[in-house]
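Only one structure is covered here, and it is reproduced in the block below.
Written out as structure tokens, the structure reads:
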């Protein structure tokens, strides 16, 4: 351009070579400015769509046309965003350099191959749909199709969908695979092939005919298409399959204190000494938890889970608070007349309502089930731990040591097994520590030290009590009436019968023929408590002589005797079977025996043995005569000891022991017998019988 005469200006076009140079320089500046465009990959990884400046999903009219809700994959959304970046770069080149769309596309493709424009090459690689050769740039025609696709809101590539048409052989294979033995794919495939080969001809199905046998790789691919739950049907039972099904979580934070009590029994994972026999065994622990606060309200220990251990645990809990709902399983310790009877049951006397969880649905009682971990961890701290985490060698070593002591001494002397009292004290400390330890299912708060932590069961219980008030509890005066088991009995001439024992009170005279409530003590059978229909105490009846035993037998003693009788029967049967299987070896008669080169004549040895026996008999006769002469001068009771012999009858042996027990001038053989006889089972049985007589 130049100034002309009379103010006129003229424009002159530069030569074509100069125009090309100017245009190339401008394109380089524009393409170089494209480096500030974020790549979709970095945007997805670091910032997300909106923070990276990329179009947001599900926005029509020039934005992304697909989103997560449409069922698209992340790769589809990433590819669409990259294609929009390529189209934006082409449009920017067109706007700032003034070239045509096709020239701008060619320029962008050309520059993507040159050093310094790696960000453009990255956009093209992300925009590719995976077809064609890897790493190649798209053609101009492909970019034109992207422009057209953007106008129709279909810029995202099509996703590859799997063929979900069920082949006809799949149901046959699933019959071989869905077995409770849980066969592997290879084992199920072999069974599947053998079934197909046994068929006379291809069998028709709803989708066609069985046809050719598929390969094991086809089978594996189809198993991968099945859902994780559907694949396990038949291999796992309904109860086991429920562990992988969706579930609901129960909210308990809104419950009042003592609103719901739950209880369960747990076999302790360590051995302790039985309080009755002194032998090692694993006791049963029953715990009562408040569901709303996760606080352990009561506990008991026993030889096994029974109604009496449950009664003791509930009585322990009710001294702190009486629960409104008793949520337990269907075990015999919970579902029995002592608990549920309308007239005499403990639930009615306490005013509690019993409800049961569904059978085989332990997930619904997660609070009580998880409480078992308290005692599992506690058992692991004892040297007598026998849980699954205990080393097998160490467990076997302790087992052999303790059983050897029992076999040699009849009791435990040196094995590190806690006694019954030590065990109960240890469990009490464990429960106290649990109630004071933060519980992860309870709310968080900031303690006095400024630490953010979960509340402990005791802390949450105190918070609930402050909010809802103190729940009712059992007073000491009410414990006897509430926690003694009761049964209904009919009064006969001032007497009531209970467990083969008869109890009498003169105050029952006017209640003859009426049905009353009889409360009894589990540990003491000397007394029973008589109540009327309204629960008022009538009298305290004493054990009388009209019973099958001379001494009262408590419920626990009767149960223990029954259990011991059954054990003796089993041991006797086992002993008889062993004796029947025993082979008695016999030694055949031989005239001579060769021992180390020395030949012994068995006839001579037999003759010498007969001569020695005759000589010994003569000496014994002389000894008996001497003792008989001396015994004339001894007292009558010492006579039996001097001519000492053990009677053949058990009663006579027991009487002989009682006569000679206080004497000191006895023969050595009699003294040794007096020392050993009290250790025999015969003496123990006869002594117990004499005490009961």
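In UniProt numbering, the protein residues as written are 1 to 693. Quick reminder that beta carbons are idealized off the backbone N, C-alpha and C, glycines included.
Next on the checklist: Here's a check: name, in chain order, each residue in its chain whose Cβ is nearer than 8 Å to the Cβ of residue 313, leaving out the five neighbours to either side.
Outcome noted: Working through the chain shown from its first residue, we reach residue 313 at position 313. Closer than 8 Å at Cβ, skipping near neighbours: 263, 286, 287, 288, 298, 299, 300.
Checklist entry - Which of the three DSSP states, helix, strand or coil, is assigned to residue 679? => result Taking the chain shown and counting its residues from 1, the one referred to as residue 679 is at position 679. Of the three classes helix, strand and coil, the one that applies to residue 679 here is helix, per DSSP.
Next on the checklist: Pop quiz: residue 175 and residue 225 are said to be a contact at Cβ under 8 Å. What is the actual Cβ separation, rounded to whole angstroms?
Outcome noted: On the chain shown, residue 175 is found 175 positions in, with the first residue counted as 1. On the chain shown, residue 225 is found 225 positions in, with the first residue counted as 1. In fact, because the Cβ distance is near 18 Å, the residues do not count as touching under 8 Å.
Next on the checklist: Suppose contacts are defined by Cβ-Cβ distances below 7 Å. Is residue 528 in contact with residue 503 by that definition?
Outcome noted: Within the chain shown, residue 528 is the residue found at index 528, counting from 1. Within the chain shown, residue 503 is the residue found at index 503, counting from 1. Cβ distance < 7 Å, so residue 528 and residue 503 count as in contact.
Checklist entry - Do we get a CB-CB distance below 7 Å when we pair residue 222 with the residues of chain D? => result In summary, chain D is missing from the structure at hand, where a single protein chain is found.
Item to check | Pairwise C-alpha distance: residue 194 and residue 222 | outcome: Within the chain shown, the letter at position 222 stands for residue 222. Within the chain shown, the letter at position 194 stands for residue 194. Each residue's alpha carbon lies about 19 Å from the other.
Checklist entry - Roughly how many angstroms separate the alpha carbons of residue 74 and residue 107, rounded to a whole number? => result In the chain shown, counting from the first residue as 1, residue 74 sits at position 74. In the chain shown, counting from the first residue as 1, residue 107 sits at position 107. Cα-Cα distance, rounded: 30 Å.
Checklist entry - Where do the N-terminal and C-terminal ends of the beta strand (DSSP E) with residue 486 fall, by residue? => result The count along the chain shown starts at 1 and reaches residue 486 at position 486. Where residue 486 is concerned, the enclosing beta strand (DSSP E) stretches over 486 to 490.
Item to check | residue 430 vs residue 378 beta-carbon contact at 7 Å | outcome: By one-based count along the chain shown, residue 430 stands at place 430. By one-based count along the chain shown, residue 378 stands at place 378. In contact: residue 430 and residue 378 (Cβ atoms closer than 7 Å).
Checklist entry - Just the Cα atoms here: how many angstroms apart are residue 266 and residue 333? => result As a working mapping, residue 266 is identified with position 266 in the chain shown. As a working mapping, residue 333 is identified with position 333 in the chain shown. Each residue's Cα considered, the two are about 12 Å apart.
Next on the checklist: Quick check on the DSSP output: the beta strand (DSSP E) that includes residue 497 runs from which residue to which?
Outcome noted: Counted from its first residue, the chain shown places residue 497 at position 497. Run containing residue 497: 495 to 498, per the beta strand (DSSP E) assignment.
Next on the checklist: Does residue 443 come out as helix, strand or coil in the three-state DSSP assignment?
Outcome noted: Translated into positions along the chain shown, residue 443 becomes position 443. It is coil, neither helix nor strand.
Checklist entry - Taking buried to mean at least 16 other C-beta atoms within 10 Å of its own C-beta, is residue 77 buried or exposed? => result Reading the chain shown from its first residue, position 77 is the one you call residue 77. Under this definition residue 77 is a buried residue.
Checklist entry - From 520, 101, 248, 530, pick the residue whose C-alpha is nearest to that of residue 514; which is it? => result Taking the chain shown and counting its residues from 1, one reaches residue 514 at position 514. 530 is the residue among 520, 101, 248, 530 whose C-alpha sits nearest the C-alpha of residue 514.
Checklist entry - Going by beta carbon distance, what residues of the same chain come within less than 7 Å of residue 678, once the five residues before and after it are set aside? => result On the chain shown, position 678 is the one that residue 678 refers to. Here the set comprises nothing.
Checklist entry - Which of the three DSSP states, helix, strand or coil, is assigned to residue 284? => result Along the chain shown, read from residue 1 onward, the residue named residue 284 stands at position 284. Reduced to three states, the DSSP call for residue 284 is strand.
Checklist entry - Where does residue 562 fall in DSSP's three states? => result By one-based count along the chain shown, residue 562 stands at place 562. The DSSP-derived three-state label of residue 562 is helix.
Checklist entry - Could you give the distance in angstroms between the alpha-carbon of residue 120 and the alpha-carbon of residue 94? => result Working through the chain shown from its first residue, we reach residue 120 at position 120. Working through the chain shown from its first residue, we reach residue 94 at position 94. Cα to Cα, residue 120 sits roughly 16 Å from residue 94.
Next on the checklist: Using 8 Å as the cut-off, can you tell me whether the region 471 to 485 makes contact with the region 346 to 353, which would need three or more C-beta pairs spanning the two stretches below that distance?
Outcome noted: With contact defined as three or more Cβ pairs closer than 8 Å, the region 471 to 485 and the region 346 to 353 are in contact.
Checklist entry - Taking DSSP as the reference, what is the three-state secondary structure of residue 263? => result Position 263 of the chain shown, counted from the start, is the residue given in the question as residue 263. In this structure, residue 263 counts as strand in the three-state DSSP scheme.
Checklist entry - Could you give the distance in angstroms between the alpha-carbon of residue 725 and the alpha-carbon of residue 229? => result The requested residue 725 does not occur in the structure, where the chain is confined to residues 1 to 693.
Checklist entry - In three-state terms, what does DSSP make of residue 297? => result Here residue 297 corresponds to residue number 297 of the chain shown, with the count starting at 1. In this structure, residue 297 counts as strand in the three-state DSSP scheme.
Checklist entry - Does DSSP put residue 637 in a helix, a strand or coil? => result Stepping through the chain shown from its first residue, residue 637 is reached at position 637. The predicted model places residue 637 with a pLDDT of 44, which falls under 50 and marks its position as unreliable, so this point remains unresolved.
Checklist entry - How about residue 79 and residue 171: are their beta carbons less than 7 Å apart? => result Residue mapping note: residue 79 aligns to position 79 of the chain shown, counting from 1. Residue mapping note: residue 171 aligns to position 171 of the chain shown, counting from 1. Cβ distance not < 7 Å, so residue 79 and residue 171 don't count as in contact.
Next on the checklist: DSSP three-state label for residue 59, please.
Outcome noted: Taking the chain shown and counting its residues from 1, one reaches residue 59 at position 59. Interpretation of residue 59 is limited by its pLDDT of 38, a score under 50 that renders its predicted location unreliable; the figure taken from the coordinates is listed afterwards. Of the three classes helix, strand and coil, the one that applies to residue 59 here is coil, per DSSP.
Checklist entry - Among residues of its own chain, excluding the 5 on either side of residue 508, which ones have a beta-carbon nearer than 6 Å to its beta-carbon? => result By one-based count along the chain shown, residue 508 stands at place 508. Closer than 6 Å at Cβ, skipping near neighbours: 491, 494.
Next on the checklist: Quick check on DSSP: helix, strand or coil for residue 44?
Outcome noted: For the purposes of this step, residue 44 is taken as residue 44 along the chain shown, with counting starting at 1. The predicted model places residue 44 with a pLDDT of 42, which falls under 50 and marks its position as unreliable, so this point remains unresolved.
Next on the checklist: Could you pull the DSSP bridge partners for residue 530 from this structure?
Outcome noted: One-based indexing of the chain shown puts residue 530 at position 530. Residue 530 pairs with 518, 539.
Next on the checklist: Can you tell me where the alpha helix (DSSP H) holding residue 94 begins and where it ends?
Outcome noted: Here residue 94 is taken as the residue at index 94 of the chain shown, counted from 1. Residue 94 -> alpha helix (DSSP H) spans 74 to 97.
Item to check | Rounded distance between the beta-carbons of residue 416 and residue 384, thought under 8 Å | outcome: In the chain shown, residue 384 corresponds to position 384, counting from 1. In the chain shown, residue 416 corresponds to position 416, counting from 1. The pair is a contact, with the Cβ atoms about 6 Å apart (cut-off 8 Å).
Checklist entry - Where residue 682 and residue 401 are concerned, what is the direct C-alpha to C-alpha distance, given to the nearest angstrom? => result Looking up residue 682 in the chain shown gives position 682. Looking up residue 401 in the chain shown gives position 401. In a straight line, the C-alpha of residue 682 is about 28 Å away from that of residue 401.
Item to check | Beta carbon of residue 419 nearer than 7 Å to that of residue 273 | outcome: Counted from its first residue, the chain shown places residue 419 at position 419. Counted from its first residue, the chain shown places residue 273 at position 273. Taking 7 Å as the Cβ cut-off, residue 419 and residue 273 qualify as a contacting pair.
Checklist entry - With a Cβ-Cβ cutoff of 7 Å, do residue 260 and residue 327 count as a contact? => result The sequence position of residue 260 within the chain shown is 260, counting from 1. The sequence position of residue 327 within the chain shown is 327, counting from 1. A contact, by the Cβ cut-off of 7 Å.
Checklist entry - Going by beta carbon distance, what residues of the same chain come within less than 8 Å of residue 302, once the five residues before and after it are set aside? => result On the chain shown, residue 302 is found 302 positions in, with the first residue counted as 1. If we look at residue 302 and ignore the five residues flanking it on each side, its Cβ neighbours are 283, 284, 286, 308, 309, 312.
Next on the checklist: With a threshold of 7 Å on Cβ separation, who are the neighbours of residue 468 within its own chain once the five nearest residues in sequence on each side are excluded?
Outcome noted: As a first step, residue 468 must be located in the chain shown, where it is residue number 468. Cβ within range, chain order: 256, 257.
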